[in-house]
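Some notes on the structure that comes next.
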Amino acid sequence: MMLKNIFFKAALLSSLLLTTVQSSAAQGKNTAGGEKFTVVLDPGHGGHDAGTVGTGRRKIYEKHVVLKVALKLEKLLNENMDDVRVLLTRRTDVYPRFIDRVNTANKNDADIFISIHCNSVENVKRDGPRVRGAETYVMATQKAAANLEISKKENAAMMLEENYRETYKNFDPSDLASNIGKSLEQFSTIKNSISLATMAQEGFEDTGSRKNLGVKQAVLYVTYATVVPAVLVELGFLSNPEEEDFLHSEKGQQQMAQSLYEAISKYKVRFFDSRQHGPKANAPVDFDAIMAEQTGNVNQTQPAGDKTSAGEHSGGVYYCVQLISSPKTVNVKTEPTLRKFQSVEYYRENGMYKYTMPKTSTFAKAQQQLSQAKSKGAKTAFIVAFRDGKKIDTAAARKLTGE
Ligand SMILES: [Zn+2]
407 MMLKNIFFKA ALLSSLLLTT VQSSAAQGKN TAGGEKFTVV LDPGHGGHDA GTVGTGRRKI
467 YEKHVVLKVA LKLEKLLNEN MDDVRVLLTR RTDVYPRFID RVNTANKNDA DIFISIHCNS
527 VENVKRDGPR VRGAETYVMA TQKAAANLEI SKKENAAMML EENYRETYKN FDPSDLASNI
587 GKSLEQFSTI KNSISLATMA QEGFEDTGSR KNLGVKQAVL YVTYATVVPA VLVELGFLSN
647 PEEEDFLHSE KGQQQMAQSL YEAISKYKVR FFDSRQHGPK ANAPVDFDAI MAEQTGNVNQ
707 TQPAGDKTSA GEHSGGVYYC VQLISSPKTV NVKTEPTLRK FQSVEYYREN GMYKYTMPKT
767 STFAKAQQQL SQAKSKGAKT AFIVAFRDGK KIDTAAARKL TGE
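Following the working numbering, the numbering of the sequence shown begins with 407 at its first residue and continues without gaps.
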């Protein structure tokens with residue numbers, strides 16, 4: 407049954423509009439005072455709601471797998487990040503209401519919300535063996551909301567909750583495009599959600615060795631009602647025997663937790679540590695444009711310095727002082743070299759994370775930055791050059807900038 411037949415229509419979604427304001431306030435919070443990066447992990451389903459049962463070969467279902475991955479991820483975060491606060495919507499086999507999952511993020515001023523799930527095909531016998539891979543969902547933007555399939559199984563358990571009509575009366579997916587599309591376009595959190603989703607997919611592919619099914623848009627309650635950047639990850643298909651074995655194994659669960667840990671680290675470096683909190687609340691959001699931006703390489707970084715002095719004036723050519731490189735993301739606040747720098751960015755190359763000072767438009771400015779870097783103890787720092795987001799030879803770049 408389609409959800410649109412079930413939910414009451416609400417003409418005004420005033421609660422959503424109000425929370426937009428809270429969202430930008432939360433995003434703009436100052437990190438200088440030692441505030442912690444708050445991560446809310448939401449293991450899907452639980453209790454009476456088993457989630458997908460996969461191939462049916464086992465008595466351990468989606469609700470068990472996602473809880474184990476969430477607990478492993480919590481451990482990784484607590485052990486490896488000193489300025490993080492991790493909250494779980496459940497720690498045992500219980501069923502939290504959808505609204506309580508969302509409120510764990512909204513009422514605790516969370517920085518990100520990650521709902522963790524496993525996937526399944528409808529026809530397990532026919533499609534199970536051939537469908538595999540990991541995907542991540544973000545809340546649909548206006549353009550897409552009109553054309554999207556409204557119902558998805560991840561919303562379904564909501565209707566088993568007592569008083570669900572009253573609790574979720576403002577959530578009418580069939581009205582999304584017409585009634586609240588415009589305010590959705592203004593949701594500053596969508597852009598951050600897409601960044602987080604992209605990082606999660608990179609983690610699933612690189613560290614989890616999963617097939618990358620990409621970042622997708624959907625109308626899901628947990629990503630709709632959260633006022634903070636929110637994603638719903640589908641770790642893999644329990645309807646696929648091989649993927650089910652992987653996700654049930656200790657090693658597979660650890661690998662998926664590690665994938666998400668790396669995504670969270672990357673997100674934190676970009677949006678929290680560098681005190682870059684995303685676009686202003688009224689910036690227009692376009693899914694396709696953001697996705698195009700994400701596919702670039704150095705474009706993953708944002709200029710943390712003064713934009714007027716650090717532009718790309720000479721045909722998209724710019725320079726960066728590279729400080730360190732690492733096979734994994736590092737905590738820029740505690741890493742011995744990076745912690746001496748006010749703002750740090752990174753790009754990825756050959757599987758390595760390369761941390762740099764903010765980009766500059768001329769080689770001369772890069773040279774000044776390089777001597778600053780060396781005086782701060784970054785003895786092996788050097789200058790790298792880019793053209794249109796692609797790394798180029800420094801000598802070639804100097805010709806282009808006439809230096
Ligand atoms: Zn699920």
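Ideal Cβ placement from N, Cα and C applies to all residues, glycine included.
Checklist line | Under the three-state DSSP convention, the category ASN688 falls into | finding: Unreliable positioning characterises ASN688 in this predicted model, as indicated by a pLDDT of 36, which lies under 50. A coordinate reading is not provided.
Next item on the list: Can you grab the Cα-Cα spacing for the pair TYR630 / LEU482, in whole Å?
Entry: Looking at the two C-alpha atoms, the distance is approximately 28 Å.
Check: Could you give the residue range of the beta strand (DSSP E) that holds LEU744?
Finding: Counting along the chain, LEU744 sits inside no beta strand (DSSP E), nor does DSSP assign it H or E at all.
Next item on the list: Would you give the residue range spanned by the beta strand (DSSP E) that GLU541 belongs to?
Entry: Here the beta strand (DSSP E) through GLU541 covers 540-545.
Note to self: Considering only the alpha carbon of each residue, which of MET662, GLN748, TYR753 lies closest to MET672?
What the structure shows: One detail in the question is off: residue 672 reads as Lys in this sequence, not Met. Of the listed residues, the one whose Cα sits closest to LYS672 is TYR753.
Check: Beta carbon of CYS524, beta carbon of THR458: below 8 Å?
Finding: Yes, they are a contact pair.
Next item on the list: Compute the Euclidean distance between the alpha carbons of PHE677 and ARG532, then round it to the nearest angstrom.
Entry: Each residue's alpha carbon lies about 43 Å from the other.
Next item on the list: Alpha carbon to alpha carbon, how far is ALA516 from GLU468? Give it in angstroms, no decimals.
Entry: GLU468 and ALA516: Cα-Cα distance of roughly 25 Å.
Notebook entry, point to check: Is the Cβ-Cβ distance between GLU541 and GLY609 less than 8 Å?
Noted result: Contact flag unset, no.
Notebook entry, point to check: Within the structure, which residues are defined as neighbours of ligand 1 by a Cβ-heavy atom distance below 6 Å, reported in chain order?
Noted result: Here the residues close to ligand 1, judged by CB distance below 6 Å to any of its heavy atoms, are GLY450, HIS451, GLY457, GLU468, HIS523, GLU560 in chain order.
Margin query: Give me, in chain order, the residues of the same chain whose beta-carbon lies closer than 6 Å to that of LYS617; leave out the 5 immediate sequence neighbours on both sides.
Written below: Cβ neighbours of LYS617 beyond the five flanking positions: ARG538, GLY539.
Margin query: Does PRO449 come out as helix, strand or coil in the three-state DSSP assignment?
Written below: PRO449 carries a strand assignment under DSSP once its states are collapsed to helix, strand and coil.
Notebook entry, point to check: Alpha carbon to alpha carbon, how far is GLU640 from ALA770?
Noted result: About 47 Å.
Check: Where does SER557 fall in DSSP's three states?
Finding: In this prediction, SER557 scores a pLDDT of 46, lower than 50, which makes its location untrustworthy; the coordinate-derived value is nonetheless stated afterwards. SER557 falls in the coil class under three-state DSSP.
Margin query: I'd like to check one pair, ILE789 with TYR725: are the Cβ atoms closer than 8 Å?
Written below: Cβ distance < 8 Å, so TYR725 and ILE789 count as in contact.
Next item on the list: Locate the beta strand (DSSP E) running through TYR725, then write down its first and last residues.
Entry: Counting along the chain, the beta strand (DSSP E) containing TYR725 begins and ends at 723-732.
Next item on the list: Please go through the same chain and pick out, in chain order, the residues whose beta-carbon is closer than 7 Å to the beta-carbon of LYS559, but skip the five residues on each side of it.
Entry: Beyond the five residues adjoining it in sequence on each side, LYS559 comes within less than 7 Å, by CB distance, of no other residue in the same chain.
Item checked: Counted within 10 angstroms of its Cβ, other Cβ atoms place VAL445 as buried (16 or more) or exposed -> When all chains shown are included, VAL445 counts as buried.
Item checked: Residues near LEU566 in its chain [Cβ-Cβ closer than 8 Å; skip 5 each side] -> So the list reads HIS454, ASP455, once near-sequence residues are dropped.
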